Amino acid sequence: MPELPEVETVRAGLARHVLGRTVTAVDVRGPRTARRQAGGAADVVGRLTGRTLTAAVRRGKFCWLLLDEPDDALLVHLGMSGQLRVRPPASPDEPPGTHLRARLSLDDGSALDFVDQRTFGYLAVPELVPTPDGAPGGLGSDLAAVPAPVAHIARDLLDPALDRAALAAALRRRRTQVKRALLDQTLVSGVGNIYADEGLWRARLHGARPTDSLRPVEAARVLDETAAVLRAALAAGGTSFDALYVDVDGGSGWFERELAVYGREGLPCPRCGTPVRREAFANRSSYSCPRCQPRPRVR
DNA sequence: ACCGGTCCCTGTTAGC
DNA sequence: TGCTAACAGGGACCGG
Numbered sequence: 160m161p162e163l164p165e166v167e168t169v170r171a172g173l174a175r176h177v178l179g180r181t182v183t184a185v186d187v188r189g190p191r192t193a194r195r196q197a198g199g200a201a202d203v204v205g206r207l208t209g210r211t212l213t214a215a216v217r218r219g220k221f222c223w224l225l226l227d228e229p230d231d232a233l234l235v236h237l238g239m240s241g242q243l244r245v246r247p248p249a250s251p252d253e254p255p256g257t258h259l260r261a262r263l264s265l266d267d268g269s270a271l272d273f274v275d276q277r278t279f280g281y282l283a284v285p286e287l288v289p290t291p292d293g294a295p296g297g298l299g300s301d302l303a304a305v306p307a308p309v310a311h312i313a314r315d316l317l318d319p320a321l322d323r324a325a326l327a328a329a330l331r332r333r334r335t336q337v338k339r340a341l342l343d344q345t346l347v348s349g350v351g352n353i354y355a356d357e358g359l360w361r362a363r364l365h366g367a368r369p370t371d372s373l374r375p376v377e378a379a380r381v382l383d384e385t386a387a388v389l390r391a392a393l394a395a396g397g398t399s400f401d402a403l404y405v406d407v408d409g410g411s412g413w414f415e416r417e418l419a420v421y422g423r424e425g426l427p428c429p430r431c432g433t434p435v436r437r438e439a440f441a442n443r444s445s446y447s448c449p450r451c452q453p454r455p456r457v458r
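Per our numbering, the very first residue in the first sequence carries number 160; after that it's consecutive.
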């Protein structure tokens, strides 16, 4: 699934391949692709055609390409199955796949394809708004602005401008469970179900721990360990994935080799050998070690 | 302001 | 074998 490491891999690929290119034509298909744009697909096409792509930026799981006027951007969210693929100039003219949602034709004959099976992803061309703290809006640009739909998204764990101490304090002020807090993109962004479980395992915390019961050292530890998981996944993604291809079926080498608990019900905990347990969590699943991560007492 | 539940969607897989 | 149901997931949205 495209979470922070996968989206960052995509961003870096875009930075290498499409910056400086001008959009010569835009084809948007499917009723959901432009659903976040007030004017719909026609508005996306109108705002994008003829523009030049000047920077590739990311915050959390949101990625955007700055356009040649510094007041808007092409915003992309990959949802749970989205891909951005660069088609080189003069590449074989294959028929568009059933899941092709948009194609940007570029002035060197290449194309940027947005492919999305489950349609949770979307494209939009929103206005930019200033960041409250005046710091750069995301990784990949010094511009102190973000697309309007990203304004409420917190900085992510790999953001150089993140205030880690303030985040740990904010985490402890929440009145919820620690896993819910890790997944709350308005508190800290980029963490999904997989990396939340892996970070909690590394920090030896159960996801149901009330945030206001975390000791300061525990709050710092779960943030540090989750950041470490993200960095390790990013490093693996950089080596095992093709330039702009992230395998949404999860078949990458990193997932096979490095995941400690996620998706591993019944398999031994890498630390103590106890079989990994699976529990229902918010209409999905949580994986943890029963011994390393004891369930907190109900308060 | 904060918190938790629901819904959006479709391909794959498990179970009957 | 063929069908149905569960499952995967992020975030907008809404009610409390």
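Quick reminder that beta carbons are idealized off the backbone N, C-alpha and C, glycines included.
Bear in mind the structure is a predicted one, so any value in this text is a computation, not a measurement.
Checklist entry - Just the Cα atoms here: how many angstroms apart are G410 and V169? => result Residue placement at G410 is flagged as unreliable, the pLDDT there being 44, under the threshold of 50; the coordinate-derived value follows with that caveat. About 17 Å.
Item to check | DSSP three-state assignment for Y281, whether helix, strand or coil | outcome: In the structure shown, Y281 sits in a strand (DSSP, three-state: E or B).
Checklist entry - If you run the structure through DSSP and keep just helix, strand and coil, what is V182? => result Secondary structure at V182: strand, using DSSP grouped into helix, strand and coil.
Item to check | Contact belief for L237 with V166 at Cβ below 8 Å, rounded distance in angstroms | outcome: 6 Å
Checklist entry - So, is P375 buried or exposed, given that buried needs 16 or more other C-beta atoms within 10 angstroms? => result exposed
Next on the checklist: Let's see if you can read the secondary structure: which residues bound the beta strand (DSSP E) around H176?
Outcome noted: Premise fails: H176 lies in the alpha helix (DSSP H), L163 to H176, not in any beta strand (DSSP E).
Checklist entry - P455 by DSSP, collapsed to three states: which one? => result coil
Item to check | Residue from R217, A355 and R443 whose Cα sits closest to the Cα of V309 | outcome: R217
Checklist entry - For the candidate residues K338, R390 and H258, whose alpha-carbon lies nearest to that of S447? => result K338
Next on the checklist: Only counting the same chain, and skipping five residues up and downstream in sequence, which positions put a Cβ closer than 6 Å to that of T345?
Outcome noted: H311 and A313
Next on the checklist: Buried or exposed, going by whether 16 or more other CB atoms sit within 10 Å of the CB of P254?
Outcome noted: Exposed, by the Cβ-count rule.
Next on the checklist: What does DSSP give as the partner residue(s) for L263 in the beta ladder?
Outcome noted: V185 and L271
Checklist entry - Of the choices D272, L163, H258 and D231, whose alpha-carbon is the least far from that of R246? => result For R246, the nearest C-alpha among the options comes from D272.
Checklist entry - Going by other Cβ atoms of all chains shown within 10 Å of its Cβ, with 16 needed for buried, is T398 buried or exposed? => result Unreliable placement is indicated for T398, whose pLDDT of 49 sits below 50; no coordinate value is reported for it.
Next on the checklist: Between P455, D356, R390 and D343, which has its C-alpha nearest Y421's C-alpha?
Outcome noted: D356
Checklist entry - Does the region 351–371 come close enough to the region 386–396 to have 3 or more Cβ pairs within less than 8 Å? => result yes
Item to check | Spatial distance of L178 from V284 (CA atoms) | outcome: Using only the alpha carbons, I get a separation of about 17 Å.
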